[in-house]
Amino acid sequence: MRTAAWPHFPMDAPFAGFDQSLVRGVPVLHRRDSLGKTFRVAVLWRRPLDAQQAARALLPALLQHGTARHPDRPALLRARERLYGASTGFGVGRHGESSVLRLSADAVAGQFLPSRPDQFSALQELLAEQLLRPRLVTPGLPRSIFERERAQALASARSVVDDKGRLARSSAVLAACAGEPYGVEDHGGEAAIAATEPDGPAAMLADYVQHGSPFVLLAGVIPDDLHAALSPLLSALPPWTPFTAPPLVQPAPRAVRVVRDHAEMQQAKVVLVLRTPVPTLPAQLCVLHVALSLWGGGPHSRLFTEVREKRSLCYYASAGGDSDKGLVIVQSGCDAHAAPAVAEQSMAQLAEIAAGRFSDAELSTAIAVCQGPLRSVDDSPAARLSFTAEQYLRGFDEKPEQRIAALGRVRRDDVVAAAQSLWLDLDYALLPRTGS
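Going by our numbering, the sequence shown opens with residue 228, and the numbers climb by one from there.
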């Protein structure tokens with residue numbers, strides 16, 4: 228028996244500007260838009276980050292190699308091409324300490340095509356085929372194809388050594404979060420990829436579908452009768468159990484750990500990993516974003532104007548992170564001899580913000596920079612669906628225009644408090660190997 232995945236959201240009220248319906252036990256968020264001629268659908272499942280991440284991360288590539296009805300990749304592509312303007316795809320990402328499987332598709336609505344085909348139902352049938360009867364599971368994916376995709380994933384994982392900034396960030400986060408669910412690479416790790424067998428991704432697909440509490444987002448030119456329109460997909464889903472995310476691991480403040488690695492390179496990469504409480508209200512998230520914008524969110528920020536420009540200690544510096552985990556990450560590139568000074572001055576600028584020593588103009592600019600990208604979210608159905616999915620996973624009932632207004636209400640004292648809540652957990656540097 229199916230159970231609603233997110234019972235804490237009342238289904239008789241809009242959420243983040245989307246109407247809500249319960250279709251065959253699955254929450255469906257939908258928003259009609261008559262300005263375009265297309266529709267977009269996304270289905271998401273959420274599971275804990277765990278040691279099976281390598282098998283999960285292989286799924287998007289493996290699921291493109293055909294289904295029981297369309298037995299190879301070309302046949303699947305032809306089936307998609309028969310649906311005018313259609314695209315489908317899988318993605319595996321993370322939200323806090325959860326792994327998220329996302330199935331997305333879009334197409335031109337049938338009423339705008341000759342003979343007015345039922346594009347929506349046909350696309351749902353194709354999605355159900357890809358999700359529930361993939362060649363990965365039945366009739367079986369040839370070993371040679373699996374090994375090729377695994378080899379490509381392994382090569383991609385190993386290529387991080389060619390991007391020293393990415394390597395430094397990944398190494399710093401893994402060191403900071405060692406022993407935590409978050410302390411696993413997005414691809415699962417080279418050793419785990421190499422050890423993955425075909426039954427691993429197949430088992431993880433079943434794990435998502437049977438235990439991941441699905442929810443659906445729809446936008447664009449969508450049918451009036453959602454129950455009938457979504458039946459080809461949702462009625463095919465097997466029984467599933469609700470997913471409850473385990474409590475986030477958030478360590479108490481502790482002594483700063485210092486890690487120094489070396490590689491064949493000319494200059495150094497400095498990564499500071501800080502912790503902060505995970506925002507539990509939309510207003511708290513806005514304050515954190517403004518504080519990080521002021522500290523290291525672009526050319527207006529203190530890291531740029533003070534550490535890069537005024538002191539000439541580095542050639543880039545930025546602050547970001549993952550608010551759903553409570554991580555703030557500062558990344559800088561500099562000469563090796565300047566690495567200690569970069570770390571010191573970066574933290575000094577945070578201390579200035581925490582003491583309230585910044586101008587009203589700096590605060591206004593930081594707020595405007597945060598607001599800017601939100602003003603164009605509704606220009607793209609894909610962007611609006613991504614924004615709403617993120618809100619749903621967080622439990623924040625907030626539309627883009629509400630986020631813009633909330634950012635405008637952030638005050639100096641709020642930013643000071645947010646800066647004071649940050650504490651440095653790891654000081655990491657990737658330095659040139661002697662003789663490089």
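For each residue, glycine too, the CB sits at the ideal point set by N, CA and C.
None of these values were measured; they are calculated from a predicted model.
Legend entry - Beta bridge counterpart(s) of T265 as assigned by DSSP: One-based indexing of the sequence shown puts residue 265 at position 38. T265 is bridged to V335.
Legend entry - CB of E424 within 8 Å of CB of L289, strictly: As a position in the sequence shown, residue 424 is number 197, starting the count at 1. As a position in the sequence shown, residue 289 is number 62, starting the count at 1. Their beta carbons are not under 8 Å apart, which means E424 does not touch L289 by this criterion.
Inset, instruction - Using the Cα positions of P480 and L499, report the straight-line distance between them to the nearest angstrom. - result: The residue you call residue 480 lines up with position 253 of the sequence shown. The residue you call residue 499 lines up with position 272 of the sequence shown. Approximately 15 Å, taken between the alpha carbons.
Inset, instruction - Could you check the C-alpha separation between T661 and K496 for me, to the nearest Å? - result: Start at 1 with the first residue of the sequence shown, and residue 661 comes out as number 434. Start at 1 with the first residue of the sequence shown, and residue 496 comes out as number 269. T661 and K496: Cα-Cα distance of roughly 15 Å.
Legend entry - N-terminal and C-terminal residue of the beta strand (DSSP E) that L554 is part of: On the sequence shown, position 327 is the one that residue 554 refers to. Per DSSP, L554 belongs to the beta strand (DSSP E) from L554 to C561.
Inset, instruction - Verify whether the separation of the beta carbon atoms of L249 and V327 is less than 8 Å. - result: Position 22 of the sequence shown, counted from the start, is the residue given in the question as residue 249. Position 100 of the sequence shown, counted from the start, is the residue given in the question as residue 327. Cβ distance not < 8 Å, so L249 and V327 don't count as in contact.
Legend entry - Three-way DSSP call (helix, strand, coil) for T661 in this model: Residue 661 sits at position 434 when you count from the first residue of the sequence shown. In this structure, T661 counts as coil in the three-state DSSP scheme.
Legend entry - Endpoints, the alpha helix (DSSP H) within which Q576 is located: Stepping through the sequence shown from its first residue, residue 576 is reached at position 349. A566 to A581 is the extent of the alpha helix (DSSP H) around Q576.
Inset, instruction - Determine, using beta-carbon pairs with one atom in the segment 395-404 and one in the segment 260-276, whether at least three such pairs fall under 8 Å. - result: no
Inset, instruction - Enumerate in chain order the residues of its own chain whose CB-to-CB distance from L634 is below 6 Å, with the five nearest sequence positions on each side excluded. - result: In the sequence shown, counting from the first residue as 1, residue 634 sits at position 407. C513, I594, C597 and Q598, listed in sequence order.
Inset, instruction - Ignore the nearest five residues each way along the sequence and tell me which others in A231's own chain have a CB closer than 7 Å to its CB. - result: The count along the sequence shown starts at 1 and reaches residue 231 at position 4. Residue placement at A231 is flagged as unreliable, the pLDDT there being 35, under the threshold of 50; the coordinate-derived value follows with that caveat. Answer for A231: L249, G252 and P254, listed in chain order.
Inset, instruction - Measure the Cβ-Cβ separation of A334 and L358 and say whether it is below 8 Å. - result: Numbered from its first residue, the sequence shown carries residue 334 at position 107. Numbered from its first residue, the sequence shown carries residue 358 at position 131. In this structure, L358 does not lie closer than 8 Å to A334 by Cβ.
Inset, instruction - Could you pull out every residue in the same chain whose Cβ sits closer than 7 Å to the Cβ of A644, ignoring the five residues on either side in sequence? - result: Counted from its first residue, the sequence shown places residue 644 at position 417. Around A644: no qualifying Cβ.
Legend entry - Backbone CA spacing between P341 and G312 [nearest angstrom]: Locating residue 341 in the sequence shown gives position 114, counting from the first residue. Locating residue 312 in the sequence shown gives position 85, counting from the first residue. Each residue's alpha carbon lies about 13 Å from the other.
Inset, instruction - Say whether the segment 519-526 touches the segment 453-466, bearing in mind that this needs 3 or more beta-carbon pairs closer than 8 Å, one atom from each stretch. - result: no
Legend entry - Cβ-heavy atom distance, L394 to the ligand ADP, below 7 Å: With respect to the ligand ADP, the structure shown offers nothing to examine, as it has no ligands at all.
Legend entry - Where G635 falls: helix, strand or coil (DSSP): Position 408 of the sequence shown, counting from 1, holds the residue named residue 635. G635 falls in the helix class under three-state DSSP.
Legend entry - CA-to-CA distance, C541 to D562, given in whole angstroms: Counted from its first residue, the sequence shown places residue 562 at position 335. Counted from its first residue, the sequence shown places residue 541 at position 314. Cα-Cα distance, rounded: 7 Å.
Legend entry - H516 classed as buried or exposed, judged by whether at least 16 other C-beta atoms fall within 10 angstroms: Taking the sequence shown and counting its residues from 1, one reaches residue 516 at position 289. By the 10 Å Cβ count, H516 comes out buried.
Legend entry - N-terminal and C-terminal residue of the alpha helix (DSSP H) that K391 is part of: In the sequence shown, counting from the first residue as 1, residue 391 sits at position 164. It spans K391 to A403 - the alpha helix (DSSP H) in which K391 sits, taken as one unbroken run.
Inset, instruction - Output yes or no for whether 8 Å exceeds the beta carbon distance between A269 and L453. - result: Reading the sequence shown from its first residue, position 42 is the one you call residue 269. Reading the sequence shown from its first residue, position 226 is the one you call residue 453. No, the Cβ-Cβ distance between A269 and L453 is not below 8 Å.
Inset, instruction - Identify every residue that forms a DSSP beta bridge with K496. - result: Within the sequence shown, residue 496 is the residue found at index 269, counting from 1. K496 pairs with G560 and L657.
Legend entry - Cβ contact check for the segment 526-539 and the segment 547-556: 3 or more pairs under 8 Å: no
Inset, instruction - Between the Cα of D260 and those of R283, R321 and I449, spot the shortest distance and give me the residue it belongs to. - result: The residue given as residue 260 occupies position 33 in the sequence shown. Of the candidates R283, R321 and I449, the one whose C-alpha sits nearest the C-alpha of D260 is I449.
Inset, instruction - Classify W272 as helix, strand or coil using the three-state DSSP reduction. - result: As a working mapping, residue 272 is identified with position 45 in the sequence shown. Strand, per DSSP.
Legend entry - Span separating the alpha-carbon of D169 from that of V483: What is shown of the chain runs 228 to 663, which leaves residue 169 out entirely.
Inset, instruction - Taking L381 as the reference, give the member of A568, A284 and R529 with the closest Cα. - result: If you number the sequence shown from 1, residue 381 lands on position 154. Of the candidates A568, A284 and R529, the one whose C-alpha sits nearest the C-alpha of L381 is A284.
Inset, instruction - Work out the CA separation of G320 and A306 for me, nearest whole Å. - result: Numbered from its first residue, the sequence shown carries residue 306 at position 79. Numbered from its first residue, the sequence shown carries residue 320 at position 93. Each residue's alpha carbon lies about 27 Å from the other.
Legend entry - Bounding residues of the alpha helix (DSSP H) (the contiguous stretch that carries P509): To locate residue 509, count along the sequence shown from 1; it is residue 282. Unbroken alpha helix (DSSP H) run through P509: P509 to G523.
Inset, instruction - Compute the distance between the beta-carbons of H527 and T615, then report whether it is under 8 Å. - result: Taking the sequence shown and counting its residues from 1, one reaches residue 527 at position 300. Taking the sequence shown and counting its residues from 1, one reaches residue 615 at position 388. Cβ distance not < 8 Å, so H527 and T615 don't count as in contact.
Inset, instruction - Pick helix, strand or coil for Q247, following the three-state DSSP scheme. - result: Residue mapping note: residue 247 aligns to position 20 of the sequence shown, counting from 1. Reduced to three states, the DSSP call for Q247 is strand.
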